[in-house]
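Participant:
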Amino acid sequence: MKRGAWIGILLMVGLMPSAHAADPAPRAVPLVVPAPQTMPDGPLGEAVRQGLSIVNATKAALPDNVGNALNCASCHLNGGTVANAAPFVGLWGVFPEYFARSGRVETLADRINDCFARSMNGQPIAVDGDPMRAILAYIAWLSTGVPTGAGVEGRGFAAIAAPARAPDAGRGAQLYAQRCASCHGQDGAGLKAADGSYVMPPLWGPQSFSDGAGMARASVAAAFVRTKMPLGRGGSLDEQDAWDLAAFMTGAPRPAFAGGAKDYPKGGRPAR
Ligand code: HEC
Ligand code: HEC
């Protein structure tokens, strides 16, 4: 046999999925944000751009569905393109997915509406309306080139080790005053421009996320804060700092989410 043919066979064997693979889930692929100039032209491109603008300025775009002062990008940083800040890149091909919190298989639209109801303390948007189509078009474009079923590296939030000491909200309050209040305000209410628009998002109080939001869970808040806050200085806090800050933040008053008692109907509730 010719050398080329042998190489061909070896390559094929190498590419064949192993029938005995213990974990059928494809490996995570690197997070690559498509270049803006690759946005399609025409009506599809318009939808992608509208989706981007909704994600960055959600309250302005959909005031009836947003019950607080946040935008999707307040948490899904830079329009959902940042690793370990729940990036949207690659999400197109990983849904539907079982979600323990609801105990059901969720579509991507379901997950978007979870955040409208909880993170935005608002109302779900119509699944068959233009805003949902636009957000989906944007996420599909962001997922260009990510194989179906594969997540990206940095999906969700960075893992954080369990706290060495019981989280201390009092110490968290001190850290907050030193490291966070300059942007998010002494009272956690964020900062407003003269025209009333928010330049810094609220962390607690009536204009922040509800107590049913993912960010209201200490483990999620700690993971986000440790790697991403203070904005531009992510990674400057250690894990205990992040847990203490999360204890302080999640213990502060915020809107109540109706229906949270029905969460995790089939178990799987995280310890923190
Ligand atoms: C207060 C922070 C926050 C805001 C604001 C927010 N989200 Fe989320 N989002 C989260 C968290 C935290 C998760 C992780 C899942 C969980 O535990 O709820 C998440 C998960 C998601 C997911 C699933 C991600 C994955 O990897 O499976 C999607 C899609 C999503 N959000 C879309 C949106 C959209 C669209 C908006 C705006 C309408 C939005 N989110 C606003 C915090 C937020
Ligand atoms: C330099 C200003 C700045 C500092 C300091 C800062 N943040 Fe933020 N933070 C932001 C901005 C801006 C956003 C929203 C992201 C965006 O719009 O790009 C944000 C978002 C957040 C969010 C998610 C959105 C929300 O409002 O709930 C949390 C939680 C958060 N910050 C916590 C903290 C904590 C805790 C500290 C202190 C360790 C901190 N931040 C320090 C600017 C800052």
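One gets my numbering by counting positions in the sequence shown from 1 and adding 1 to each. Here a beta-carbon is modelled for each residue, glycine too, at the ideal position from N, C-alpha and C.
Are residue 247 and residue 222 touching if we call contact CB-CB under 8 Å?
Facilitator: Against the sequence shown, residue 247 aligns to sequence position 246. Against the sequence shown, residue 222 aligns to sequence position 221. Yes, these two residues count as a Cβ contact at 8 Å.
Participant: For ligand 1, I want to know if residue 186 counts as a neighbour, meaning its beta carbon is within less than 7 Å of at least one of the ligand's heavy atoms.
Facilitator: In the sequence shown, counting from the first residue as 1, residue 186 sits at position 185. False, no ligand heavy atom lies under 7 Å from that Cβ.
Participant: Residue 49 by DSSP, collapsed to three states: which one?
Facilitator: Within the sequence shown, numbered from 1, the residue matching residue 49 stands at position 48. If DSSP states are grouped into helix, strand and coil, residue 49 belongs with the helices.
Participant: Compute every distance between the C-beta of residue 216 and the non-hydrogen atoms of ligand 2, then say whether any falls below 7 Å.
Facilitator: The residue labelled residue 216 in the question sits at position 215 within the sequence shown. True, at least one ligand heavy atom lies under 7 Å from that Cβ.
Participant: By DSSP's criteria, residue 105 is part of a beta bridge. Which residues make up the other side?
Facilitator: Here residue 105 is taken as the residue at index 104 of the sequence shown, counted from 1. DSSP, once it has assigned bridges, lists 100 as partnering residue 105.
Participant: Pull up the distance between the alpha-carbon of residue 38 and that of residue 173, whole angstroms please.
Facilitator: For the purposes of this step, residue 38 is taken as residue 37 along the sequence shown, with counting starting at 1. For the purposes of this step, residue 173 is taken as residue 172 along the sequence shown, with counting starting at 1. C-alpha separation (whole angstroms): 43 Å.
Participant: Kindly indicate which three-state DSSP category residue 238 falls into: helix, strand or coil?
Facilitator: Position 237 of the sequence shown, counted from the first residue, corresponds to residue 238. Residue 238 falls in the coil class under three-state DSSP.
Participant: In this structure, how does DSSP classify residue 60 when only helix, strand and coil are distinguished?
Facilitator: Residue mapping note: residue 60 aligns to position 59 of the sequence shown, counting from 1. Here residue 60 sits in helix by DSSP.
Participant: Between 255, 41, 215, 138, which has its C-alpha nearest residue 101's C-alpha?
Facilitator: Mapped onto the sequence shown, residue 101 falls at position 100. It is 215 whose Cα lies nearest to the Cα of residue 101.
Participant: So, is residue 82 buried or exposed, given that buried needs 16 or more other C-beta atoms within 10 angstroms?
Facilitator: Your numbering for residue 82 matches position 81 in the sequence shown. Label assigned to residue 82: buried.
Participant: Mind checking which residues open and close the alpha helix (DSSP H) that includes residue 177?
Facilitator: Position 176 of the sequence shown, counting from 1, holds the residue named residue 177. Unbroken alpha helix (DSSP H) run through residue 177: 170–180.
Participant: Between the region 181–200 and the region 93–109, are three or more C-beta pairs nearer than 8 Å?
Facilitator: The region 181–200 is not in contact with the region 93–109.
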